Amino acid sequence: MSTTQILNVAGSIGGLANAVDGLLTLGGGNWQASLQAASFGGVPFGVDSARTRAGRRQAVHVYPFRDEVWVEDMGKLPRQFRIQGFLVEDSLIYGGGGVIAQRNALLSVCEADGTNTLVHPTFGVVGSLACLDVEIEERKDLGRVFQFTLTLMVSGVRQYPASARSAADALTAAADELRAGSLADLARTVVVDIQLGAAVVRSAVSTALGYYQMAVGVVNGVNRVFNAVSTLSGNFGALFGGANTGYSGSNPKAPLGTTAMGLLTVAAAASGAAVAAGASMQTAAANIADTSAYGNAAAEFVQSVAASAQDPADAVSMLSQLAGYAPQTTVASSSPIGAASTRVQSACAAHLRRVTIASLADAAGTYQPSSQDDAQALQTAVVALIDGEVLAAGDAGDDASYDALRVLRQTVVADMQSRGVDLAPIAAFTFASSLPALVLANRMYRDPSRADGLTQQVAPVHPAFFPQTFRALAA
């Protein structure tokens with residue numbers, strides 16, 4: 344075949360390609376009228392065929408001796424386009440110029456970093472597409488027509504691991520901020536008023552003494568001593584306050600081998616440590632001009648009271664009582680010294696309440712709720728105490744305490760919601776007759792080992808005779 348004949352054949356094929364190009368892009372009818380001129384990254388081309396791959400990413404779990412498999416959904420499968428297209432020199436439809444220049448432009452777009460926009464004949468504009476590969480075929484018999492296969496995939500936003508402070512760390516930081524803020528508000532009041540004499544200082548000492556007496560009464564209360572053995576494993580701990588550790592038993596248990604006598608000895612030592620810390624606080628109150636030393640002593644005393652509890656639930660209960668502290672006797676005098684004594688007394692009482700609330704938030708952070716209802720109840724109780732002190736701080740003009748209390752409130756809510764959202768709620772159960780705990784645990788949870796926890800929740804007269812209707816964990 345001569346050169347002239349080859350050129351004539353190539354020209355004929357090129358004309359045929361242009362004709363096909365026109366048929367693929369133009370025409371009447373709804374389908375043809377809806378077709379859009381294809382391009383990628385601004386480079387137009389003709390389309391022979393286009394395939395779209397989509398669906399879900401699935402992990403198939405196969406088990407021995409089981410006829411069924413479990414298909415685990417792993418999220419959406421990235422949408423992928425595979426286009427069989429062609430470039431025509433001086434196309435009658437999209438123009439484009441020389442076919443070699445079109446090829447070079449398409450290669451540049453596909454080899455460039457980042458993503459580009461595809462105009463699909465039927466999908467229309469599809470953004471953020473990454474080119475996985477492109478294969479261009481140049482054939483002698485096609486002449487000025489280059490065929491190619493283009494593989495594209497939808498790309499999402501680039502994301503990096505982000506560091507975030509845990510809810511527990513945020514709670515600790517907010518509690519420390521409240522201690523610092525309440526001490527600053529106390530110092531602002533005390534530094535001026537104590538200059539009026541010893542009578543004003545005595546009001547601070549009497550306030551600290553009243554709080555100490557109330558705290559020691561709580562530490563030595565029957566409930567705390569009774570619950571000192573609640574962390575024991577086994578039936579003994581279950582009978583003596585075992586429900587105090589949460590229905591799921593998720594709060595820390597005493598190590599195996601621990602005895603009731605050992606726990607009571609530890610409780611007595613903790614009580615003695617609290618008394619010693621209270622004496623140090625009273626000594627610091629007598630020299631309240633050094634507000635920093637007094638603030639540290641007060642914080643250590645409150646923390647020693649919380650540490651005397653064997654279980655976080657006891658710490659929450661004890662500190663909740665102390666968070667409402669108010670002096671039983673107030674200074675009644677309109678003289679300058681009497682007015683100063685009243686201000687110092689109020690400031691010291693407010694400082695002690697706020698330090699108590701800070702430790703209460705710490706204790707709530709270590710308490711493991713047993714259900715969504717338990718988490719909600721604890722959140723409501725702690726937030727109510729914080730809200731009351733927020734109002735008191737606002738009325739007194741204690742800005743540092745006010746701001747710290749508001750932050751602490753938000754942190755407590757976030758912590759309790761994050762830890763309670765995945766827990767089972769409490770639901771009502773009704774059975775036709777009285778059944779034993781083992782039967783109920785197997786029927787309700789398919790787990791007979793949860794019989795002890797179910798007994799703690801319901802507290803029946805006897806584990807073998809549950810009431811017909813009761814409330815327990817839903818799952």
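For the sequence shown, our numbering begins at 344 and goes up steadily by one.
Glycine included, each C-beta is placed from N, C-alpha and C at the ideal position.
Only a predicted model underlies this, so the values are computations on that prediction, with no experimental measurement involved.
Between the beta-carbon of A784 and that of F809 there is about 10 Å, and that puts the pair past the 8 Å contact cut. Of all alpha-carbon atoms in A669, L430, R814, the one lying nearest the alpha-carbon of I769 is that of R814.
Excluding residues up to 5 positions away in sequence, D416, M417, G418, K419, L420 lie with their Cβ nearer than 8 Å to the Cβ of R399 in the same chain. From the listed residues F388, D790, A727, the smallest Cα separation to L435 is found for F388. Rounded to the nearest angstrom, the gap between the Cα atoms of A527 and H805 is 55 Å. Per DSSP, reduced to three states, the secondary structure at G731 is helical.
By the neighbour-count definition (other C-beta atoms within 10 Å, threshold 16), S678 is an exposed residue. For G486, the closest alpha carbon among the candidates I680, S744, F429 is that of F429. Segment contact: the segment 609-625 against the segment 487-496, fewer than three CB-CB distances shorter than 8 Å; contact not assigned. Annotation: G428 is outside any alpha helix (DSSP H); the continuous beta strand (DSSP E) that includes it extends over 423-431. A contact is defined here as three or more CB-CB pairs under 8 Å, and the segment 529-537 fails this definition with respect to the segment 458-466.
Between the alpha carbons of V801 and M787 lies a gap of roughly 14 Å.
Apart from sequence neighbours up to five positions away, the residues of its chain that approach V750 with a beta-carbon distance below 6 Å are A517, ordered along the chain.
For T709, the enclosing alpha helix (DSSP H) begins and ends at 679-709. As the crow flies, the alpha-carbon of T460 is around 20 Å from that of A444. Under DSSP, L816 forms a beta bridge with I769. Of the candidates P803, D717, D795, the residue whose Cα lies closest to the Cα of L766 is D717.
Counted as a single uninterrupted DSSP element, the stretch harbouring T492 is not any alpha helix (DSSP H) but the beta strand (DSSP E) occupying residues 488-497.
Nearest to A701 by C-alpha distance, out of F489, L662, K596, is L662. Taken in chain order, the whole beta strand (DSSP E) runs of length 3 or more contained in the segment 376-403 are 389-396.
Within the same chain, S525, L526, D528, L529, G638, A641 come within 8 Å of H694 by CB-CB distance, once the 5 residues on both sides are set aside. If you check the CB distance, V386 and V431 do not come in under 8 Å.
In this structure, F383 keeps its C-beta atom at 8 Å or more from the C-beta atom of V442. Distances from the CA of R394 to each of Q423, S377, P791 were compared; the closest alpha carbon is that of Q423.
Residue range 442-454 is occupied by the alpha helix (DSSP H) that includes E454.
Counting C-beta pairs closer than 8 Å gives three or more between the segment 706-714 and the segment 644-661, which meets the contact rule.
According to the DSSP assignment, S635 belongs to no beta strand (DSSP E) but to the alpha helix (DSSP H) extending over 634-650.
For E411 and D705, the gap between their C-alpha atoms comes out near 49 Å.
In the DSSP assignment, V659 falls within the unbroken alpha helix (DSSP H) covering 655-665. A contact between stretches requires three or more CB pairs, one per stretch, nearer than 8 Å, and the segment 541-548 meets this requirement with the segment 616-631. In this structure, V500 keeps its C-beta atom at 8 Å or more from the C-beta atom of F491. Counting along the chain, D758 sits inside the alpha helix (DSSP H) bounded by residues 742-763.
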